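Novice: Numbering (mature numbering (1 follows the signal peptide of the UniProt record, and there is no 0)), first residue to last: -19 to -1, 1 to 190.
1) For a test of the three-state rule: what should DSSP assign to residue 110, helix, strand or coil?
2) Using a threshold of 8 Å, state whether the C-beta atoms of residue 84 and residue 42 are closer than that.
3) With hydrogens ignored, establish whether the beta-carbon of residue 110 is closer than 7 Å to any heavy atom of the ligand NAD.
4) So residue 134 and residue 57 are supposed to be a Cβ contact under 8 Å. How far apart are they, rounded?
5) Residue 83 bridges to which residues according to DSSP?
6) In the structure shown, what three-state DSSP assignment does residue 145 receive?
7) Give every residue of the same chain whose Cβ lies closer than 6 Å to the Cβ of residue 50, excluding the five residues on either side of it in the sequence, and list them in chain order.
8) So what does DSSP say about residue 38, is it helix, strand or coil?
9) CA-CA distance, residue -2 and residue 25?
10) Out of 59, 138 and 117, point me to the one whose CA is closest to residue 126's CA.
11) Can you tell me where the alpha helix (DSSP H) with residue -2 in it begins and where it stops?
12) Please state the DSSP three-state secondary structure of residue 137.
13) Taking the alpha carbon of residue 94 as the point to measure from, which residue in 117, 103, 102 and 1 has its own alpha carbon closest?
14) What residue range is occupied by the uninterrupted beta strand (DSSP E) comprising residue 225?
15) Does the beta-carbon of residue 65 have 16 or more other beta-carbons within 10 angstroms, so that it is buried, or is it exposed?
16) List the residues that DSSP assigns as beta-bridge partners of residue 123.
17) Pull up the distance between the alpha-carbon of residue 76 and that of residue 120, whole angstroms please.
18) What residues are listed by DSSP as bridge partners for residue 51?
19) Should residue 50 be flagged as near chain B, meaning a C-beta pair shorter than 8 Å?
20) Quick one: using the 10 Å Cβ neighbour count with 16 as the cut-off for buried, is residue 6 buried or exposed?
21) Taking the beta carbon of residue 90 as the centre, do at least 16 other beta carbons fall within 10 Å, making it buried, or is it exposed?
22) On the criterion of 16 or more Cβ atoms from any shown chain inside 10 Å, does residue 19 qualify as buried, or is it exposed?
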């Protein structure tokens, strides 16, 4: 019992450190970038809004009403976010609670019908290609009623956003590389600490047994 409790605590702590943020940009070309995503449970999708008046809503692969229709229960909806140029300062963040296939789309006009769709963990018949093909055959998309839900607006992740000049891009890339190195070093240190805790806990349990 004590051994199981220790392992559960360690697993929980490790899970908290593994979550990542996946930036998805809504572009002025009426696309999601990237549009096909692989994610783990606990990860965050960060939707960054570019020029236009885009939105993002969670859809349903098997909705009776067809594609470009919001999921019946739960899901998420950003509402419309008008942007004149560049990227909006705030982004819409959604936490993933499992690794099930998930589809999202823009509800603006016929953007969904023309392929402004994204898929997380697509597989079998729940893929971007198949959903986009079905969406291209309908007349219009539907948006959820009411204000945003299922996520929160927060300052966007600056390190993963595009800059307005090549110099800024180079600086951001250098900063990003340094941050990645620091993050990897921190992760290695944390893993080493976790291993030491496991070993120490096992030694204590062996003495108490």
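Here a beta-carbon is modelled for each residue, glycine too, at the ideal position from N, C-alpha and C.
On a predicted model such as this, the values are computed, not experimentally measured, just so you know.
Specialist: Quick look at the numbers:
1) In this structure, residue 110 counts as helix in the three-state DSSP scheme.
2) Closer than 8 Å, so yes.
3) With respect to the ligand NAD, the structure shown offers nothing to examine, as it has no ligands at all.
4) At roughly 12 Å, the Cβ-Cβ gap does not stay under 8 Å, so residue 134 and residue 57 are not in contact.
5) Note: residue 83 sits in a beta bridge opposite 101.
6) Caution is warranted here: a pLDDT of 34 is assigned to residue 145, below 50, making its placement in the model unreliable, and no coordinate value can be reported.
7) The answer, listed in chain order, is 44 and 123.
8) Three-state result, residue 38: strand.
9) For residue -2 and residue 25, the gap between their C-alpha atoms comes out near 11 Å.
10) When each option's Cα is compared against that of residue 126, the closest is 59.
11) Per DSSP, the continuous alpha helix (DSSP H) segment holding residue -2 begins and ends at -18 to -2.
12) Looking at residue 137 - three-state DSSP - the assignment turns out to be coil, as it is neither helix nor strand.
13) Ranking the options by Cα distance to residue 94, first place goes to 117.
14) Absent from the structure is residue 225, since the part of the chain shown begins at -19 and ends at 190.
15) The residue in question, residue 65, is exposed, as its Cβ has fewer than 16 Cβ neighbours within 10 Å.
16) DSSP output for residue 123 lists no bridge partner at all.
17) When rounded, the distance between both Cα atoms is 31 Å.
18) Answer is 40.
19) Checking the listed chains, one finds no chain B in this structure; it contains a single protein chain.
20) Residue 6 should be labelled buried.
21) Its Cβ having fewer than 16 others within 10 Å, residue 90 is exposed.
22) Exposed is the call here.
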